[in-house]
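Numbered according to the working numbering, the sequence shown terminates at residue 134, and the numbering increases by one at each position without gaps. To start, the structure itself, in structure tokens.
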Amino acid sequence: RSEGKIINTVSVVGELGRSFVVPYSTAKGGLRMLTRSLATEVASANIQVNGIGPGYFVTEMNTAIMNDRAFYEERVARVPAGRWGQPDELAGAAIFLASGASNYVSGQIIYVGGGLTASF
């Protein structure tokens, strides 16, 4: 008997799109659809496929944005929580999706972004 969990890291920009990161938005949007499509493909094997969609997080990848103070502040203002996330704040979503508590959850994206997707 097969079973398993696949957790893809998508992104808020895969849902919302952004003009300044077109290739990244396109790739993450494609991964979002792969997550949903693959979930239907492997469901009969008891495999759940889901994604985590981080919003703005304090990471090395975002150093250039954080160093441009005006751009950074404009991005912070878009987040209802009023701040960027810390990497460890993604852990709860990953733990849930990897656990048995999510055995009937598949094809979903959990956005972890301080309410960013709710504000658009």
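We put the CB at the ideal spot given by N, CA and C, even for glycine. The model shown is predicted, which means the values in this text are computed figures rather than measured ones.
| message | My output table needs one value for residue 125: the three-state DSSP class, helix, strand or coil. | response | strand
| Over what stretch of residues does the beta strand (DSSP E) that includes residue 63 continue unbroken? | 61-68
| query | Quick one, are the C-beta atoms of residue 28 and residue 43 less than 7 Å apart? | reply | yes
| request: Note down, one range per segment and in chain order, each alpha helix (DSSP H) of at least 4 residues found wholly within the stretch 16-101. | output: 26-30, 36-56, 77-81 and 83-92
| task | Assuming residue 94 contacts residue 25 (C-beta within less than 8 Å), just tell me the rounded distance between them. | result | Going by Cβ atoms, the distance from residue 94 to residue 25 rounds to 18 Å, so no, they are not a contact pair.
| task | Quick one: using the 10 Å Cβ neighbour count with 16 as the cut-off for buried, is residue 81 buried or exposed? | result | exposed
| Skipping 5 residues on each side, what residues in its chain have a beta carbon closer than 7 Å to that of residue 134? | 30
| request: Could you check the C-alpha separation between residue 91 and residue 65 for me, to the nearest Å? | output: 25 Å
| message | Can you look up residue 113 in the DSSP assignment and give me helix, strand or coil? | response | coil
| Are the beta-carbon atoms belonging to residue 104 and residue 126 less than 7 Å from one another? | yes
| Ordered along the chain, which non-local residues of its own chain (more than five positions away) have a Cβ less than 6 Å from that of residue 50? | 121
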